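Going by this note's numbering, the letters in the sequence shown line up with residues 1369 to 1539, in that order.
Using N, Cα and C, we set each Cβ at its ideal position, and we do this for glycine too.
Since we're looking at a predicted model, the values are computed, not measured.
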Amino acid sequence: MPTLFTPWRYEYITAAASQPAGCFLCEAAACDETEEEARLVVARTPHHLVVVNRHPYSNGHLLVAPRRHHATPAGSDAAERAELWGVVLRAQEALERLYAPHGMNLGMNLGTCAGAGLPGHFHLHLVPRWNGDTNFMSVVAETRLVPEEPATSWRRIREVFLALAPGESRR
């Protein structure tokens, strides 16, 4: 199996480790409505946030995180566990309607050694994928091309996500 090196991800992880203590997800959970665009908060549910990733792997890369700070899914209480997958499926539906990806990665990086840039606040990634969405730039120029700025993704996704009723899905 070939190995692909991702120095841009390593730089992000090590830079995050050197940042002062603070949790951008907790800050997003505590912000008022006037700050939601700046913090890329797409939506809030009683127990979770949906946030556009400021360092996306692709257009529409979202994070779903509990509003309460805890490091792993095991730290979720019963209400958080009951709500999580409904929020994830709603976010997935919004991304599918808006971007029509060929596939999607859903995943969690639990702990720094697993690649978590924010190991103290559990979150789930939704990353839309398209056939051929990786190219030579990542390898040759150590640069990832993401055509859409996170703020544009925020505006587009928020409109579609908020129009979906909780639990609405084509599935």
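Residue from His1416, Asn1421 and Asp1400 whose Cα sits closest to the Cα of alanine 1519: Asn1421
Measure the Cβ-Cβ separation of phenylalanine 1529 and alanine 1450 and say whether it is below 8 Å. Their beta carbons are not under 8 Å apart, which means phenylalanine 1529 does not touch alanine 1450 by this criterion.
Look up valine 1409 in the DSSP assignment and say whether it is helix, strand or coil. strand
Compare the beta carbon distance of glycine 1428 and leucine 1457 with 8 Å and say whether it is the shorter of the two. no
Measure the C-alpha to C-alpha separation of alanine 1531 and alanine 1439 and round it to an integer number of angstroms. 30 Å
What separation, rounded to the nearest whole angstrom, lies between the Cα atoms of leucine 1492 and valine 1432? 5 Å
Tell me the DSSP secondary structure of valine 1419 in three-state form. strand
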